[in-house]
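Residue numbers (the working numbering), protein chains in the order written: chain Z, 14 to 474; chain P, 1231 to 1434.
Data block below; observations after.
Have a look at this one:
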């Protein structure tokens, strides 16, 4: 028993690779073989899209959408789409689980995924595509110093206070280092901050000579570090009587003094989906304009309108990326969003069409497990009332509108309230679809209706 | 001095005749090529635009999509229908498509769009098999695709009692969407589609 206890205590902690992508942020376990870190190929690719593998003797064939790769057990050579590549160490097959060395990911994955991949190997962090979140830090002038961090995307770190410092640990956010990993501010109260990454996450440590606290604002894009005794911004809650002395991880809400227990990661109230993207152009609206481009513009405009009304919003596709419809539904369901809004654009007809799911003939739910094709069933009445509210708002603004049920995926796969909005020009001029004033007219109507239905939708979240 | 041997006269005549024939055929081929080039491209759709005129005719109601008002219009038609239930369903959809392929179509489909066949499988399942030209040339958009799907399903279910579920295939295979929007991966519930059809008819 004693020997077992000693062995367990001496065992190396389990390592994970954090993966950040447009589709999902997740982590996969690493295993050590021959002194190298290895990762399971299927576990790595599965959250990103349709992947399958098949073992044939010593060959292991991988298929990711249309791309194919063939590995050979115990060999370093791999054939991807007819071209040969060398792995830094041999491919392993353990219990039908294909393992490749982590160090090969930056060169191998782009051939399979078709996009750039960045590996921070020392930190076990993998960035697929341009997903990194950057930040700036500046000391705000005033009687009491305030250190303001501005991030390019909402973040949700775990906050821990220690004597002389406060630590922001980013476990699920793709936060990357600023130009210098050590920042100095020339203040006696908050002299410096440092950035470090390792074990699959990033940490920003702010050194302070007095107890400090973190306040979140701008929907998670801004974190302000202030001395606990100092008066704080109007959105912040009163400071605790004394900062905790132990290294106790607390959620942002707790850091800001809130009493409610919040989940480990942020839940957005609204998920806005810019439909199509990447290879899927949607409708070709003109020789130079695709539907996928208009939907991104509309999604950004809608996010701005919703956030200006205090509604936290996640835009599912903020770049020209391929995002399968199943993944879009998975995102909305995982977030338990109060409303999912899919945006479409069309040249046909005039004004706006608001859609709810036309449920297909599907299988029944099994106990707590819902049928994927009719997952929307329980939320359909709420989706219909949200669609009616939005439709009424369009009518108030004299925008022609129709409300219909439509066989439009992934509306039927979303478990919460879900609507689709298809925007056509008011007249015959397609240029109106890209006109900021028309986009704002449409998105402000949607945002106003969602804000008005906030309590009703939020109750179901 | 050496004199070149004279070419026999019959050889000269034969050569001239052959030369004239070759020139004539070249000119003919050139003219034919120009005529073919100038001829408009004809679709490879060899299916007759109207159902066969022989046989007894029946009164049916076709539900025709109209792009101008984004609605579904009930349109009475008298078409010859065969006795078999499955063949009747096919002829119904072909009559509907003949309207969409007409030059004055209220809801234009691409050239070559065709219903390959309709299978009626008990209990209450209809499978509509479209050709690839139907889907590949279909205009993209939520409403525009929904109009087509609803028109097909509502027409077949309204005139063929007992159909509860409809599956749409393209070239005999499952396809994700018609043209990027309307879902073709699942079975359509006819009762739900009939409600959409009522919404679309109210748009008139």
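Glycine is no exception: its CB is placed at the ideal position from the N, C-alpha and C atoms.
Under 7 Å by beta carbon: chain Z residues contacting residue i
i: residue 1417 of chain P; result: 373 and 374
i: residue 1395 of chain P; result: 374
i: residue 1343 of chain P; result: Residues of chain Z passing the Cβ test: none, with the nearest at roughly 17 Å.
i: residue 1295 of chain P; result: Chain Z residues near residue 1295 of chain P: none, gap ~11 Å exceeds 7 Å.
i: residue 1340 of chain P; result: Residues of chain Z passing the Cβ test: none, with the nearest at roughly 14 Å.
Inter-residue spacing [alpha-carbon to alpha-carbon] between residue i and residue j
i: residue 252 of chain Z; j: residue 240 of chain Z; result: With a pLDDT of 31 at residue 252 of chain Z, under the threshold of 50, the modelled position of that residue is not reliable, and the figure given next carries that caveat. Rounded to whole angstroms, residue 252 of chain Z to residue 240 of chain Z spans 9 Å at the Cα level.
i: residue 84 of chain Z; j: residue 74 of chain Z; result: 6 Å
i: residue 496 of chain Z; j: residue 1382 of chain P; result: Beyond the ends of chain Z as shown, which are 14 and 474, falls residue 496 of chain Z; an answer cannot be given.
i: residue 205 of chain Z; j: residue 232 of chain Z; result: 25 Å
i: residue 92 of chain Z; j: residue 355 of chain Z; result: 39 Å
i: residue 40 of chain Z; j: residue 82 of chain Z; result: 23 Å
i: residue 304 of chain Z; j: residue 1375 of chain P; result: 15 Å
i: residue 266 of chain Z; j: residue 32 of chain Z; result: With a pLDDT of 33 at residue 266 of chain Z, under the threshold of 50, the predicted position of this residue should be treated as unreliable, and no value is reported.
i: residue 196 of chain Z; j: residue 103 of chain Z; result: 42 Å
i: residue 1296 of chain P; j: residue 1332 of chain P; result: 13 Å
i: residue 184 of chain Z; j: residue 237 of chain Z; result: 19 Å
i: residue 193 of chain Z; j: residue 310 of chain Z; result: 34 Å
i: residue 469 of chain Z; j: residue 131 of chain Z; result: 42 Å
i: residue 403 of chain Z; j: residue 410 of chain Z; result: 11 Å
i: residue 1370 of chain P; j: residue 1353 of chain P; result: 33 Å
i: residue 1415 of chain P; j: residue 45 of chain Z; result: 42 Å
i: residue 455 of chain Z; j: residue 395 of chain Z; result: 21 Å
i: residue 1399 of chain P; j: residue 1419 of chain P; result: 15 Å
i: residue 1403 of chain P; j: residue 1346 of chain P; result: 12 Å
i: residue 12 of chain Z; j: residue 210 of chain Z; result: Any answer about residue 12 of chain Z is impossible in this case: the structure gives chain Z only from 14 up to 474.
i: residue 338 of chain Z; j: residue 414 of chain Z; result: 25 Å
i: residue 359 of chain Z; j: residue 1340 of chain P; result: 18 Å
i: residue 450 of chain Z; j: residue 436 of chain Z; result: 14 Å
i: residue 281 of chain Z; j: residue 1356 of chain P; result: 42 Å
i: residue 170 of chain Z; j: residue 186 of chain Z; result: 8 Å
i: residue 145 of chain Z; j: residue 64 of chain Z; result: 24 Å
i: residue 405 of chain Z; j: residue 1292 of chain P; result: 33 Å
i: residue 1412 of chain P; j: residue 313 of chain Z; result: 25 Å
i: residue 1429 of chain P; j: residue 38 of chain Z; result: 41 Å
i: residue 463 of chain Z; j: residue 1289 of chain P; result: 48 Å
Chain P residues whose Cβ lies nearer than 8 Å to that of residue i
i: residue 79 of chain Z; result: Those within 8 Å of residue 79 of chain Z in chain P number zero; the least Cβ separation is about 14 Å.
Chain-ordered neighbours of residue i on chain P, where CB pairs are closer than 7 Å
i: residue 366 of chain Z; result: 1372 and 1373
i: residue 447 of chain Z; result: Here the premise fails: no neighbours, minimum Cβ distance about 17 Å.
Near the ligand MN: residue i beta-carbon under 7 Å from a heavy atom
i: residue 460 of chain Z; result: The ligand content of the structure shown is nil, which means the ligand MN is not present either.
Within chain Z, the residues that residue i reaches when beta carbons sit closer than 9 Å
i: residue 1429 of chain P; result: 415, 416, 417 and 418
Contacts that residue i makes with chain P (C-beta to C-beta distance below 9 Å)
i: residue 293 of chain Z; result: 1410
i: residue 296 of chain Z; result: 1369, 1370, 1371, 1374, 1409, 1410 and 1411
Contacts of residue i in chain Z (Cβ-Cβ under 8 Å)
i: residue 1426 of chain P; result: 371, 417, 418 and 419
Neighbour flag for residue i against chain C, beta carbons, 8 Å
i: residue 1422 of chain P; result: Although the question refers to chain C, the structure presented lacks it and instead comprises the protein chains Z and P.
Quick one, which residues of the segment 1350 to 1371 of chain P are near chain Z if we go by CB-CB under 8 Å, in chain order? 1369, 1370 and 1371
Should the segment 440 to 457 of chain Z be called in touch with the segment 384 to 403 of chain Z, which here means at least 3 C-beta pairs below 8 Å? no
Cβ-based contacts, 8 Å cut-off: residues of the segment 299 to 313 of chain Z near chain P: 304
Count the C-beta pairs between the segment 355 to 374 of chain Z and the segment 417 to 424 of chain Z that are closer than 8 Å, then say yes if the count reaches three, no if not. yes
Which of the residues in the segment 1378 to 1407 of chain P, read from start to end, lie with their CB under 7 Å from any CB of chain Z? 1379 and 1395
Chain P contacts made by the segment 417 to 436 of chain Z, where a contact means CB separation under 7 Å: 417, 418, 419, 420, 421, 422, 433 and 435
In chain order, what are the residue ranges of uninterrupted beta strand (DSSP E) at least 3 long that sit wholly in the segment 141 to 190 of chain Z? 148 to 153, 159 to 164, 171 to 175 and 178 to 183
Taking only runs that begin and end inside the segment 58 to 85 of chain Z, name each unbroken alpha helix (DSSP H) of 4 or more residues, in chain order. none
Quick check: the segment 1401 to 1410 of chain P against the segment 1359 to 1367 of chain P, are there 3 or more CB pairs under 8 Å? yes
Validate contact between the segment 47 to 55 of chain Z and the segment 114 to 121 of chain Z using beta carbons, cut 8 Å, 3 pairs: yes
To be precise: take each residue of the segment 380 to 403 of chain Z, compare its Cβ to all Cβ atoms of chain P, and keep it if any distance is under 8 Å. Which residues remain? 386
Would you call the segment 343 to 357 of chain Z in contact with the segment 1248 to 1258 of chain P, where contact means no fewer than 3 C-beta pairs closer than 8 Å? no
Taking any Cβ of chain Z, which residues in the segment 1312 to 1336 of chain P have a Cβ under 9 Å from it, in chain order? none
Determine which residues of the segment 347 to 363 of chain Z have a Cβ less than 8 Å from any Cβ of chain P, and write them out in chain order. 357, 359, 360, 361 and 362
Would you call the segment 329 to 349 of chain Z and the segment 287 to 303 of chain Z touching, i.e. three or more CB-CB distances under 8 Å? yes
Could you say if the segment 1297 to 1304 of chain P and the segment 1314 to 1332 of chain P meet the contact criterion of at least three C-beta pairs nearer than 8 Å? no
Tell me the start and end of each unbroken beta strand (DSSP E) in the segment 196 to 226 of chain Z that is at least 3 residues and wholly inside, in chain order. 205 to 211 and 214 to 220
Validate contact between the segment 1340 to 1352 of chain P and the segment 1312 to 1322 of chain P using beta carbons, cut 8 Å, 3 pairs: yes
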